[in-house]
Structure formats: C-alpha cells, structure tokens
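Here's the structure, in structure tokens; my notes come after.
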Amino acid sequence: MNFKNLKFNLSNKNKDLIPQILTVVFLILIVIYFTINAQSNMGNRGISFGFGFLSQESSFDITFSLIDYDGSHTYARAFLVGLLNTILVSAIGIFFATILGVTIGIARLSQNYLVAKSAEWYVEIFRNIPLILQIFFWYFAALRALPLTVDSINFYDISFLNVKGWYVPKFVWTNFSIFIYSIIFAFILIYFLAKYAQKQRDKFGKQIPTLYISILLIIGLPFLTFLIGGVSLTFEIPELTQLSKTVYVYRGGVSIIPELISLALALSMYTATFIAENVRAGILGVSKGQKEAAASIGLTKGQILKLVVMPQALRIIIPPTTNQYLNLTKNSSLAAAIAYPDIVLVFAGTALMQTGRAIEIISITMLTYLSLSLSISVFMNWYNKKMAIKEK
Amino acid sequence: MIKSIKTWILVGFASLLLVACGQGGGGAGSKKSKTLDNTKKAGFVKCGVSQGLPGFSNADEAGNWTGIDVDVCRAVAAAVLGDADKVKYTPLSAKERFTALTSGEIDVLARNTTWTLSRDADIGLTFVGVNFYDGQGFMVRKASGINSVNDFRDGISACTNTGTTTELNMRDFFNSKNIKYEPIAFEKADEVVQAYDAGRCDTYTTDKSGLAAQRTKLSNPDEHKVLPETISKEPLGPVVRQGDSVWEDIVRWSLNTMIEAEEYGVNSSNASSLKDSDNPAIKRLVGAEGELGAAFGLDNDWSLRIIEQVGNYGESYKKHIADTGILPNRGPNELWTKGGILYVPPAR
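Chains as they are written, first to last, in the working numbering: chain A, 1 to 392; chain B, 393 to 740.
In structure tokens form, the structure reads like this:
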C-alpha cells in the first residue's frame, strides 16, 4: 500500500467527499431514530405497524369513482379510487386554468381599455381570496342557486342540471376500438405529413397547408369508420324517476357531481390568475426589436406571434407555470372540505379512521402526492427543454 | 486514515445516543400512573371534545363548554384536581380524535365516540364505559312522503360525516335492503347540515341524538323529521390510552360514580348532608366509609367532589339533553331500576 498515494487522494477527491458522506449518514441516522422512536412508542401503546390492512375489505362506499368500486373491495382499491379522483380533478383544473390563464394574460395586454381592465380586476380579485373560501363559495352558492331535481335546468331534453349534479347523456359505442384506431392512425399520418411539409419547405420553399389537411384527417378518418367500419354510437339519455312524493332522481346517463364541478371551477379560476400573470410576463419579456425585425423581413402578424414571439415567450412562461400546475394538484386536497372523494378524503380520511393506521396511511398519501408532483415536474421539464433555445 | 476513524467514532457515538433516546421515549404503565402525575403537575385535565354538538360538548360564545361529554371531563377534574373547572378542552374532528389521544395531546377523549371492537383492541385505545346509548337513524324532509326506511328507493342520496361508524352502518343497512344509494361524506358536521339543507341529499344519517341536535341548525327545523327506525347500536363513551391502568380506572369510576349516585338518589344538593346516611353504599359514595380513593392514589372525597361539583348522571342528562329539547325522553339511557339499561358495577 502506498501511503503517499492515499494522502494524495485524501487531499483532492476525498476531501470533498467526506463531508457529503457524513451528511448522508447523519440523515439516515435521523430517519432510523424517528423510526425506532415511533416503533417503541407504538409498541408501548399496543399499536401494531404494517400494510396488511390494504388487502382488507374497506366496507365503506364512495360517491364517485372512475373504476368499479364498492365497500366489498379492498382498502388498496379505495386508495386507487381516491388517487384517480385526485388526478381527474387536477387534470380538469389544469386544462381550464391554462385556457383561462392564457386568455386573461393576453387580455391584460389588450389595447382595449375595458378588456384590459376587466382582466386586471379578475386577476386581483381571484388571487387575493383564499382558495378554501372560493371552494366553499362555488359549492354552497351552486347548491343554493341550483334547482331541485324535479325543476332541473333542461338543455334540449338531453342534459339536465340540478342540485344533485349535472346529468349528461352516456355514449354507448359499438366497435369503439376501431374508432380509436382510426384516430391513432390519423395522428400518425399527420406526423408524416408534417415531416414531409417541412422537407418541401426547406428544399423548395413550398408551403403546404398542413393545418387544413390535418383537420380534415382527424375528422374525416373517424367519420369514415361510421360509414364503413361498423362503428355506431347511441346515447343513453338520463331519465327522471320519482322515488317518493317529492324526491326525484335522474337515472341513466352520466352524472357529474356538484362537488367535482365546484372544486374544478374554484381550482381553475384561482390558478388561472397566476398563469395569466406568467403569460403576461412572458409576452412582455420578448423585446420589441424582435417583433420589428420579424415585421421587417415580411412576416405576417400571425407568423410573428407563432414563429417569433411565442417560442421566446414560452421559455419565460413554462417554469413558473409548472409551479402553478404543482400547486393546483396539491391544492386539490382541499376537496375534503366539500366531500369530493379525493385521496385525502377517501384514504387519509375515511380509511385512516376505519383502520387507525395513521403513520402508514399518511406516509402512503405523502408519497403519492410526491410522485404526482414529480411526474408533472418531469413532463414540464421535458417540455421546457424542448422549448429552450437550441444554440447552434 | 485518521479521518475515517474519526468518522466511525462519530457514527458510533451518534447511533448510541439515538438508541438511548429511542428507549427513553415510552415507559409502560406500572403501579404508578404517569398520566395522573402529569395531570397533577399541569393542574388541568387534557380533554378532547367535539367541535360542537349540542347536548354532548358545545361551547357558548364565551368559550364555556357544556354537555354530558364535557361533564365526564369535569368529573375527572373534580376527582383528580379537586376542581371541576380545571379542564383544558381540545375540539377535535372525528378524524383527529384517536391520534390526539394516542399521541398524548389529550388524556381523556369524551367525544360521542362509539365503542367498537376494532377501536378498542386495535389502535391503542381503551374504552372505559358508556355515557350514552345511541343508535343511528335517518332524517328526511316531512314533505318528501318518506315515513319509514322502507320508503327508500334506488338512487337516494344520503349525507353523513366521514370518519365515523355511520359510514359503515349506512352501507350495511342499504346493502341489506338491496338499495343503491349515493353516499356523500363530509368532514365537518356543519357542512353536512348545509348540504342537506340545500337539498344536495335526500336524507341525513347519523346518531339519533346527533340528528336531534343538528336539526336545530337547519333553516326550517319544523320541515324535517327523524324516521322511527334505528339501524345500529351506538354505545358512546369516554376513551383513554392503552397502558395506564390507573388512569383508566380513574376515568371509568368517575363516570360510574355519576351513574351510581343517581341510582342511590345522591345529587349535587344533598350529597354533603348524606355523610351520616344509614345506607353504606351511599356512605361510600360520599366518602364517609371505606378507603376507595386510595386504590387510585386519590383522597377519600374524590367521589363526593364529583357529585357536588358536576352532579349525578340524571342531573347532567336533564340539564344538557332533556331541558335543551334534544331528547326529552331518556329511553335506554334510564337507570336499570327504571326500565333503562344504565347499570354500573357497585363502588365498593
């Protein structure tokens, strides 16, 4: 063994490494300490630890579920129901928050005084009221404002809105898979079309109207499957049924519960204000010279926005908007307040109460939110990278 | 070399320290009661109650808690500290209550909690008795034309509280009747009331005493009624942590004393004058005979203080449940000698 050599190593590489290893060891020790402490305290109080309860029968029902579920299923499945409901409301929230946010953000920059001022007022009002109050407002205001089932608001006799929810027709498909394949096929065609169009443009400077052809493909191909592919679609329209003298309910169709509607509404309206500010900052962040330069080489207004302003603005918009998407997902846990069966209400609420397994359930729930947030993060980072300037 | 040895010494030292801490944390209950010592040291009983259920535990504008659950806390404080007012109340949701107790945030949980096997055996709790025999029922609008649970049909929506036995009973009930229903479970009772009031659900289900109490919060209480059927047994009682048997006994016998006092006709106004009663059972209750308190490490007047400061069970029921109009009829909560099922072991 060469002592000199070892000393050399210590002074260079290991010098930096040792404090890091020490920190990691210390962190691991802290975790071990908390585990041992929790274990001994739980032991003293006669509480057992384990995840066996997940395969037990849950014996409670859930209002709203995307998968087949009732109380005879396991706690693990109840967890899945809650998780899917959380993902559902977050996805709906993110979708509408983005649309609304972009619209409001652009409106704030409008030359029209009324439009710009309304957008400003919107932002100032909705971002300054605590979210939980907005959720309560939309939920209880909606409940109070909507009519009882028997006096539902009627949309052309196919859709009904009342205090118990929004009832819409259910799509009943035959040969649904063929329909889906045709859509996938259309997307593949569009992909190759875009490649081809780019080649044509780069080589010969020829512009192919990709957009119109794409729209034609995406509508035309699935439509063809109805004519020759044996696909057919019928609607199951909700029907009013009387349960007792004054109690009515709609049967059949799909029911969208008011808890979901008000939660999605509150989350998207709240988050949209922050996205709007991001969009505004992004657009303002592109220097005026860029637009003038683009105009001077003869691009049209639409082309300037699409080819020059937006690609640069997006680089500014995406990172803070990612934060907003994460916030929205985490804020969806406020669902418990208005009985929307998300993961917190179902799993960290009812399941926790029935089993008493606080440590196990809360750690599973925390891990779930962590994974959800990380997934969104990973996706948005990928998108951000794609939009970033590629130095040539 | 030197550095790595140092590291190992550090790691070894740190882990020793941590293991030592870990073992120092607990301490199983021996003859001495840690909870009793801590309570005496703190000067108040840490009691978990509901977030507001009239008749059981409810705070007025000034923050004074009243109710029959509150009276259990007060009885323990009177027995242990000599003053029924020395209680620190912690309002808890159904979800928080057991964790608050097992973690030591509170020492007595008197929060209309149903005694069940899994709660008693599985999660580190011990139920010490029953201070209210309840059962789950349904409330509906009078105009609905529903007069019994047999009038429920597929598609009915039912509001309730999450984290309670109610949710499970509701499923058992509708399943046995083969009725498809829509369960809507809220975290707080006030939100259930609001949603039911707005017409979100056709029926509101919880313990019957709870229904009677919550009905008063509706915008038109007279338009609603409670159906006659009771679909479950709900023995509600105080809970303590597992592992401190002395403390468990103190809470159990504080409650039993109130019930036994009613049985022997001892109440807050006549208790002290009964010290020279001919009946030895009464004499034991008011501390004139025997050394009963010594078994818990209390003095001999502990039960007299409970009766004088809090009153017997009948007084407590009348004041909080009957006179407030929640449930004027005592039903099963009458003494066994008067046709009810209140029956406690003798204090001797």
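Built from N, CA and C at the ideal position, the CB exists for glycine as well.
All figures in this text were calculated on a predicted structure; none of them were measured in a lab.
For G440/B, the enclosing beta strand (DSSP E) stretches over residues V437 to V441. Neighbourhood of I548/B in chain A, by CB distance below 8 angstroms: L243, V247 and V249, in chain order.
Taking the Cα positions, W121/A is about 12 angstroms away from Y113/A. In the three-state DSSP reduction, C551/B falls in the strand class (E or B). In this structure, V172/A lies near E236/A, with their beta-carbon atoms less than 8 angstroms apart.
One finds S244 in chain A with Cβ atoms closer than 7 angstroms to the Cβ of D543/B, taken in chain order.
D614/B is outside the set of residues whose beta carbon lies under 8 angstroms from a beta carbon in chain A.
By the neighbour-count definition (other C-beta atoms within 10 Å, threshold 16), F51/A is an exposed residue. Excluding residues up to 5 positions away in sequence, T63, F64 and G165 lie with their Cβ nearer than 7 angstroms to the Cβ of I257/A in the same chain.
For the segment 513-526 of chain B, the set of residues with a beta-carbon nearer than 7 angstroms to any beta-carbon of chain A comprises D514, I515 and G516, in chain order. Nearest in C-alpha terms to G529/B, of all of N692/B, I623/B and Q634/B, is I623/B. For K385/A, the enclosing alpha helix (DSSP H) begins and ends at A358 to M387. For A97/A, none of the residues of chain B pass the 9 angstroms Cβ criterion, the least Cβ distance being about 25 angstroms. With a 10 Å radius around the Cβ and a threshold of 16 neighbouring Cβ atoms, Y196/A comes out exposed. In the DSSP assignment, I158/A falls outside any alpha helix (DSSP H) and carries neither an H nor an E.
Under the Cβ distance rule, I47/A counts among the residues neighbouring chain B, one pair being separated by less than 8 angstroms. DSSP places T271/A inside the alpha helix (DSSP H), whose first and last residues are P258 to L284. Taking 8 angstroms as the cut-off, the beta carbon of T482/B is found no closer than this to the beta carbon of G516/B.
Taking a Cβ-Cβ threshold of 9 angstroms, none of the residues of chain A is close to E621/B; the smallest such distance is about 16 angstroms. Counting the other Cβ atoms within 10 Å of the Cβ of M650/B gives 16 or more, which makes it buried. At a C-beta separation below 7 angstroms, D151/A has no neighbours in chain B, since its nearest C-beta there lies roughly 11 angstroms away.
Interface flag for N44/A against chain B is set, since a Cβ pair is found closer than 8 angstroms.
Taking a Cβ-Cβ threshold of 7 angstroms, the residues of chain B close to V163/A are A590, G591 and R592, in chain order. Judged by their CB atoms, Q242/A and Y248/A are nearer to each other than the 8 angstroms cut-off. One finds F578, E579, K580 and E583 in chain B with Cβ atoms closer than 9 angstroms to the Cβ of A337/A, taken in chain order. Note on Q354/A: 16 or more other CB atoms within 10 angstroms of its CB, so buried under the neighbour-count rule. Setting aside the 5 residues that flank it on each side, D589/B is surrounded in the same chain by L610 and S611, each with a C-beta closer than 8 angstroms to its C-beta; the list follows chain order. The three-state secondary structure of N542/B, taken from DSSP, is helix. T598/B is bridged by DSSP to G529/B. The Cβ atoms of V532/B and H616/B lie closer than 8 angstroms to each other. S59/A reaches chain B at L560 and R563, counting residues in chain order whose Cβ is nearer than 7 angstroms. Scanning the segment 495-530 of chain B for uninterrupted alpha helix (DSSP H) segments of 4 residues or longer gives 509-514, listed from N- to C-terminal end. For A471/B, the uninterrupted alpha helix (DSSP H) run begins and ends at I460 to L473, by DSSP.
Rounded to whole angstroms, V123/A and T98/A show a C-alpha spacing of 14 angstroms.
Remark: C-beta atoms of Y735/B and E654/B do not approach each other more closely than 8 angstroms. Counting only the Cα atoms, A476/B lies some 41 angstroms from P575/B.
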